[in-house]
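Comments concern the structure below.
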Amino acid sequence: MSTRNATPEIKLLLALLDEAYDHPAWHGPNLRGALRGLSGEQAVWRPAPGRNSIWQIALHCAYWKYAVYRRLSGEGTRGSFPRKPSNWPALPARCGAASWKGDLALLDEQHRRLREGVAAFPAERLGRPLGKSTAVRLIYGIAAHDLYHAGQVRLLIKLSGGKRKGKRS
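For reference, each letter of the sequence shown is one residue, going 8 to 176 in this note's numbering.
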(Lines of atoms letter the chains of each structure in order from A and count residues from 1; the text may use other names and numbers.)
(Lines give C-alpha, C1' and ligand atoms only; values in the text may rest on other atoms or scores of the structure.)
Protein backbone atom coordinates (compact mmCIF):
# COMPACT_ATOMS: atom_id res chain seq x y z
CA MET A 1 0.00 0.00 0.00
CA SER A 2 1.37 3.40 -0.99
CA THR A 3 1.89 5.96 1.73
CA ARG A 4 2.35 8.85 -0.69
CA ASN A 5 -0.94 10.47 0.40
CA ALA A 6 -0.64 9.56 4.10
CA THR A 7 -0.74 12.33 6.67
CA PRO A 8 2.45 13.30 8.52
CA GLU A 9 1.12 11.56 11.65
CA ILE A 10 0.57 8.27 9.84
CA LYS A 11 3.96 8.53 8.11
CA LEU A 12 5.63 9.07 11.49
CA LEU A 13 3.89 6.05 13.01
CA LEU A 14 4.85 3.90 10.01
CA ALA A 15 8.48 5.02 10.35
CA LEU A 16 8.37 4.14 14.06
CA LEU A 17 6.98 0.67 13.29
CA ASP A 18 9.55 0.07 10.57
CA GLU A 19 12.54 1.17 12.65
CA ALA A 20 11.44 -1.03 15.53
CA TYR A 21 10.99 -4.00 13.20
CA ASP A 22 13.35 -4.06 10.23
CA HIS A 23 14.60 -0.65 9.04
CA PRO A 24 17.91 0.94 10.06
CA ALA A 25 17.71 3.01 13.25
CA TRP A 26 20.09 4.93 15.47
CA HIS A 27 19.36 2.74 18.51
CA GLY A 28 20.92 -0.43 17.13
CA PRO A 29 19.33 -3.77 16.34
CA ASN A 30 15.59 -3.92 15.88
CA LEU A 31 13.51 -7.08 16.25
CA ARG A 32 14.18 -8.56 12.82
CA GLY A 33 17.85 -7.62 13.08
CA ALA A 34 18.11 -9.41 16.43
CA LEU A 35 16.61 -12.55 14.87
CA ARG A 36 18.74 -12.44 11.71
CA GLY A 37 21.12 -15.33 11.26
CA LEU A 38 19.75 -17.49 14.07
CA SER A 39 19.22 -21.18 13.43
CA GLY A 40 16.17 -23.05 14.65
CA GLU A 41 18.40 -24.81 17.16
CA GLN A 42 19.58 -21.48 18.57
CA ALA A 43 16.05 -20.06 18.60
CA VAL A 44 14.65 -22.96 20.64
CA TRP A 45 17.26 -22.64 23.46
CA ARG A 46 15.86 -21.70 26.90
CA PRO A 47 17.88 -20.04 29.66
CA ALA A 48 16.07 -22.15 32.29
CA PRO A 49 13.08 -24.48 32.50
CA GLY A 50 9.83 -22.58 32.14
CA ARG A 51 11.48 -19.57 30.48
CA ASN A 52 10.67 -18.48 26.95
CA SER A 53 12.92 -19.20 24.01
CA ILE A 54 13.74 -16.78 21.20
CA TRP A 55 11.39 -18.78 18.98
CA GLN A 56 8.52 -18.29 21.42
CA ILE A 57 9.30 -14.57 21.60
CA ALA A 58 9.13 -14.32 17.79
CA LEU A 59 5.71 -16.03 17.80
CA HIS A 60 4.53 -13.81 20.67
CA CYS A 61 5.51 -10.70 18.68
CA ALA A 62 3.69 -12.03 15.61
CA TYR A 63 0.56 -12.55 17.71
CA TRP A 64 0.56 -9.02 19.12
CA LYS A 65 1.04 -7.49 15.67
CA TYR A 66 -1.99 -9.54 14.63
CA ALA A 67 -3.99 -8.39 17.68
CA VAL A 68 -3.22 -4.69 17.13
CA TYR A 69 -4.08 -5.00 13.43
CA ARG A 70 -7.45 -6.53 14.35
CA ARG A 71 -8.22 -3.73 16.78
CA LEU A 72 -7.29 -1.04 14.26
CA SER A 73 -9.30 -2.68 11.50
CA GLY A 74 -12.38 -3.04 13.68
CA GLU A 75 -12.26 -6.85 13.60
CA GLY A 76 -12.09 -7.02 17.40
CA THR A 77 -9.73 -8.97 19.60
CA ARG A 78 -10.90 -12.50 18.83
CA GLY A 79 -9.79 -14.10 15.64
CA SER A 80 -7.99 -16.99 14.11
CA PHE A 81 -4.28 -16.47 14.66
CA PRO A 82 -2.63 -19.47 12.98
CA ARG A 83 -0.82 -20.64 16.14
CA LYS A 84 -2.26 -21.67 19.51
CA PRO A 85 -2.42 -20.63 22.27
CA SER A 86 -2.46 -17.07 21.02
CA ASN A 87 -0.31 -14.91 23.32
CA TRP A 88 2.56 -17.37 23.75
CA PRO A 89 2.04 -19.98 21.01
CA ALA A 90 3.40 -23.47 21.46
CA LEU A 91 6.45 -24.43 19.46
CA PRO A 92 5.93 -26.80 16.54
CA ALA A 93 6.33 -30.53 17.17
CA ARG A 94 9.48 -30.48 15.02
CA CYS A 95 11.64 -27.41 15.63
CA GLY A 96 13.79 -27.63 12.53
CA ALA A 97 15.07 -25.10 10.03
CA ALA A 98 11.93 -25.23 7.87
CA SER A 99 9.62 -24.59 10.84
CA TRP A 100 11.79 -21.70 12.05
CA LYS A 101 11.82 -20.17 8.59
CA GLY A 102 8.03 -20.56 8.41
CA ASP A 103 7.49 -18.87 11.75
CA LEU A 104 9.78 -15.98 10.76
CA ALA A 105 7.66 -15.65 7.61
CA LEU A 106 4.56 -15.52 9.84
CA LEU A 107 6.16 -12.69 11.83
CA ASP A 108 6.99 -10.83 8.60
CA GLU A 109 3.44 -11.32 7.31
CA GLN A 110 1.89 -9.99 10.51
CA HIS A 111 4.16 -6.93 10.35
CA ARG A 112 3.16 -6.31 6.73
CA ARG A 113 -0.55 -6.57 7.61
CA LEU A 114 -0.13 -4.28 10.61
CA ARG A 115 1.70 -1.75 8.47
CA GLU A 116 -1.09 -1.83 5.88
CA GLY A 117 -3.65 -1.36 8.64
CA VAL A 118 -1.82 1.68 10.01
CA ALA A 119 -1.39 3.18 6.52
CA ALA A 120 -5.15 2.86 5.93
CA PHE A 121 -6.17 4.15 9.36
CA PRO A 122 -7.84 7.60 9.34
CA ALA A 123 -5.48 10.07 11.02
CA GLU A 124 -8.40 11.97 12.55
CA ARG A 125 -9.25 8.84 14.59
CA LEU A 126 -5.76 8.28 16.03
CA GLY A 127 -6.54 9.89 19.40
CA ARG A 128 -10.09 8.60 19.80
CA PRO A 129 -10.88 5.78 22.22
CA LEU A 130 -10.35 2.31 20.80
CA GLY A 131 -11.24 -0.19 23.48
CA LYS A 132 -9.28 0.70 26.61
CA SER A 133 -6.71 2.71 24.66
CA THR A 134 -6.36 4.83 21.53
CA ALA A 135 -5.09 3.86 18.11
CA VAL A 136 -1.97 6.00 18.42
CA ARG A 137 -1.12 4.39 21.75
CA LEU A 138 -1.60 0.89 20.33
CA ILE A 139 0.64 1.71 17.36
CA TYR A 140 3.54 3.21 19.28
CA GLY A 141 3.04 0.53 21.92
CA ILE A 142 3.52 -2.30 19.42
CA ALA A 143 6.70 -0.60 18.18
CA ALA A 144 7.97 -0.40 21.78
CA HIS A 145 6.98 -4.06 22.21
CA ASP A 146 9.19 -5.04 19.25
CA LEU A 147 12.15 -3.13 20.70
CA TYR A 148 11.68 -4.59 24.16
CA HIS A 149 11.75 -8.10 22.73
CA ALA A 150 14.68 -7.25 20.42
CA GLY A 151 16.70 -6.50 23.55
CA GLN A 152 15.49 -9.70 25.16
CA VAL A 153 16.54 -11.71 22.09
CA ARG A 154 20.00 -10.11 22.12
CA LEU A 155 20.38 -10.98 25.81
CA LEU A 156 19.31 -14.59 25.22
CA ILE A 157 21.86 -14.92 22.42
CA LYS A 158 24.60 -13.73 24.78
CA LEU A 159 23.41 -15.97 27.63
CA SER A 160 23.38 -19.00 25.36
CA GLY A 161 26.99 -18.38 24.40
CA GLY A 162 25.82 -18.78 20.84
CA LYS A 163 26.99 -16.98 17.79
CA ARG A 164 24.75 -16.02 14.94
CA LYS A 165 25.79 -17.20 11.51
CA GLY A 166 28.44 -14.82 10.21
CA LYS A 167 28.51 -12.76 13.43
CA ARG A 168 30.81 -12.52 16.39
CA SER A 169 29.15 -12.77 19.78
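Backbone N, C-alpha and C define an ideal beta-carbon position, used for all residues, glycine too.
Everything numeric in this text was worked out from a predicted model, so none of it was measured.
Decide if the region 121–135 is in contact with the region 83–94; the criterion is three or more beta carbon pairs, one per stretch, under 8 Å apart. No, the region 121–135 is not in contact with the region 83–94.
Using beta-carbon positions only, say whether residue 155 and residue 117 come within less than 7 Å of one another. For the purposes of this step, residue 155 is taken as residue 148 along the sequence shown, with counting starting at 1. For the purposes of this step, residue 117 is taken as residue 110 along the sequence shown, with counting starting at 1. Not a contact, by the Cβ cut-off of 7 Å.
Quick check on the DSSP output: what are the complete alpha helix (DSSP H) runs of length 4 or more inside the region 10–54, in order along the chain? Fully enclosed alpha helix (DSSP H) runs of 4 or longer: 15–28, 38–42 and 47–50.
I want to know whether the region 133–145 touches the region 28–40 - three or more CB-CB distances under 8 Å. The region 133–145, when compared against the region 28–40, does not touch it at the 8 Å Cβ threshold.
What are the uninterrupted segments assigned as alpha helix (DSSP H) that are 4 or more residues long and contained completely in the region 75–133, given in chain order? The qualifying runs are 104–127.
Report the partner residues of residue 140 according to the DSSP bridge assignment. Position 133 of the sequence shown holds residue 140. In DSSP, residue 140 forms a bridge with 137.
May I have the straight-line CA-CA distance separating residue 21 from residue 124, to the nearest angstrom? For the purposes of this step, residue 21 is identified with residue 14 of the sequence shown, where counting begins at 1. For the purposes of this step, residue 124 is identified with residue 117 of the sequence shown, where counting begins at 1. Straight-line Cα distance between these residues: approximately 10 Å.
Helix, strand or coil for residue 161? Go by DSSP, reduced to three states. Working through the sequence shown from its first residue, we reach residue 161 at position 154. Looking at residue 161 - three-state DSSP - the assignment turns out to be helix.
Roughly how many angstroms lie between the CA atoms of residue 157 and residue 60, to the nearest whole one? If you number the sequence shown from 1, residue 157 lands on position 150. If you number the sequence shown from 1, residue 60 lands on position 53. Between the C-alpha atoms of residue 157 and residue 60 there is a straight-line separation of about 13 Å.
Alpha carbons only, please: which of 16, 45, 113 and 12 is nearest the one belonging to residue 161? Mapped onto the sequence shown, residue 161 falls at position 154. Closest option to residue 161, Cα to Cα, is 45.
Could you tell me the alpha carbon to alpha carbon distance between residue 65 and residue 141, rounded to whole angstroms? Stepping through the sequence shown from its first residue, residue 65 is reached at position 58. Stepping through the sequence shown from its first residue, residue 141 is reached at position 134. Taking the straight line joining both Cα atoms gives about 25 Å.
For residue 177, count neighbouring Cβ atoms within 10 angstroms of its own Cβ and tell me buried if that reaches 16, exposed if not. Residue 177 is absent from the model: the chain starts at 8 and stops at 176.
Ignore the nearest five residues each way along the sequence and tell me which others in residue 39's own chain have a CB closer than 6 Å to its CB. For the purposes of this step, residue 39 is taken as residue 32 along the sequence shown, with counting starting at 1. Excluding sequence neighbours, residue 39 sits near 28 and 29.
I'd like to know whether the C-beta atoms of residue 94 and residue 76 end up nearer to each other than 7 Å. Taking the sequence shown and counting its residues from 1, one reaches residue 94 at position 87. Taking the sequence shown and counting its residues from 1, one reaches residue 76 at position 69. Against a cut-off of 7 Å, the Cβ pair of residue 76 and residue 94 comes out as no contact.
Apart from the five residues on each side of it in sequence, which residues of its chain come closer than 8 Å, Cβ to Cβ, to residue 159? Here the question's residue 159 lines up with position 152 in the sequence shown. Result list for residue 159: 64, in chain order.
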